[in-house]
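Take 1 as the starting number for the sequence shown in full-length UniProt numbering and just add one per residue.
The beta-carbon is built from N, C-alpha and C at its ideal position, and this holds for glycine as well.
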Amino acid sequence: MARYTGSKRRLSRREGIALFAKDVKALERKGAVPPGQHGLGRRRRVSEYGLELREKQKAKRFYGILEKQFKLYFQKATKVKGATGLSLIRLLETRLDNVVYRLGFAKSRAQARQMVSHGHITVDGKKNNIPSCQIKIEQTIALLPKLLDNTQTTLPGWLDRKATVGKVLRLPERDEMEQAIDEQLIVEYYSR
């Protein structure tokens with residue numbers, strides 16, 4: 001189970017947006033200056049390839065996955081009928097750790113991933129400790145009874161929750177997914 005363990009604010013500063021909830025205040029205070037010795041230096045015009053690469057990196061960092069797994073998701077998305085970009089984002093949104101986050105059981109995707117890997121989540125009544133598990137329509141996700149109800153209030157339309165039990169009602173539409181990602185640039189990046 002590989003994951004990024006380095007500085008999270010550094011990633012947010014590189015992308016110029018708050019990738020994680022705690023980074024909003026830090027970006028306001030320090031600005032969206034890229035990290036490193038030459039962060040404030042002369043800004044060059046970013047090439048088309050550079051834009052596509054930044055968008056791919058942003059998507060990877062939002063969902064907390066590394067390059068090899070992201071590439072496998074892209075390959076799966078190309079085999080699905082319809083728009084490849086939309087299929088890619090749907091695959092990322094229906095990962096178990098992201099669904100736990102979207103249901104409001106966790107405050108961040110990293111916390112959701114930890115809850116799943118520590119065995120605090122059940123899928124259809126069975127313990128599941130694999131964060132990358134794909135959740136299908138009508139599957140039920142629940143917190144174990146020993147955990148407190150620390151759920152948040154707002155939910156996307158493709159999910160339903162009652163106390164500590166949630167359900168995937170349907171596949172998410174594009175407007176219900178992460179808006180800061182331009183999936184078309186990612187598709188163009190991998191199409192090279």
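- Query: Which residue's Cα is closest to the Cα of S108: F62, A142, L143, F74?
  - Reply: On the sequence shown, position 108 is the one that residue 108 refers to. Of the listed residues, the one whose Cα sits closest to S108 is F62.
- Message: Looking only at its chain, what residues have a beta carbon closer than 7 Å to the beta carbon of V100, apart from the 5 residues adjacent to it on each side?
- Response: As a position in the sequence shown, residue 100 is number 100, starting the count at 1. Result list for V100: A106, A112, M115, V116, I121, I141, in chain order.
- Could you give the uninterrupted runs of the alpha helix (DSSP H) lying entirely in the region 14-91, keeping only those of 4 residues or more? 23-30, 48-63, 67-79
- Just the C-alpha distance for L11 and L51, rounded to the nearest angstrom, thanks. Mapped onto the sequence shown, residue 11 falls at position 11. Mapped onto the sequence shown, residue 51 falls at position 51. Spanning the two alpha carbons is a distance of roughly 16 Å.
- Item | Pairwise C-alpha distance: R45 and Y189 | Along the sequence shown, read from residue 1 onward, the residue named residue 189 stands at position 189. Along the sequence shown, read from residue 1 onward, the residue named residue 45 stands at position 45. Roughly 18 Å separates the two Cα atoms.
- In this structure, does DSSP put K167 in helix, strand or coil? Working through the sequence shown from its first residue, we reach residue 167 at position 167. Residue state, collapsed to three classes: strand.
- Message: Three or more C-beta pairs under 8 Å: does that hold for the region 156-175 against the region 125-143?
- Response: yes
- Item | C-beta atoms of E93 and P172 nearer than 8 Å | For the purposes of this step, residue 93 is taken as the residue at position 93 of the sequence shown. For the purposes of this step, residue 172 is taken as the residue at position 172 of the sequence shown. The answer is yes: Cβ separation under 8 Å.
- Task: Under 8 Å by Cβ, that's how I've got P131 and R102 pegged, so tell me the actual separation to the nearest angstrom.
- Result: For the purposes of this step, residue 131 is taken as residue 131 along the sequence shown, with counting starting at 1. For the purposes of this step, residue 102 is taken as residue 102 along the sequence shown, with counting starting at 1. At roughly 14 Å, the Cβ-Cβ gap does not stay under 8 Å, so P131 and R102 are not in contact.
- Closer than 7 Å by C-beta to D97: which residues in its own chain qualify, once you throw out the five before and the five after it? Chain order, please. The count along the sequence shown starts at 1 and reaches residue 97 at position 97. So the list reads R109, A112, R113, V116, P131, once near-sequence residues are dropped.
- Message: Rounded to whole angstroms, what is the Cα-Cα separation between K126 and K71?
- Response: Taking the sequence shown and counting its residues from 1, the one referred to as residue 126 is at position 126. Taking the sequence shown and counting its residues from 1, the one referred to as residue 71 is at position 71. Their Cα atoms are separated by approximately 29 Å.
- Query: How long is the line joining the alpha carbons of D182 and H118, rounded to whole angstroms?
  - Reply: Position 182 of the sequence shown, counted from the start, is the residue given in the question as residue 182. Position 118 of the sequence shown, counted from the start, is the residue given in the question as residue 118. Straight-line Cα distance between these residues: approximately 32 Å.
- Enclosing beta strand (DSSP E) for A142 [first to last residue]: The residue you call residue 142 lines up with position 142 of the sequence shown. Here the beta strand (DSSP E) through A142 covers 140-143.
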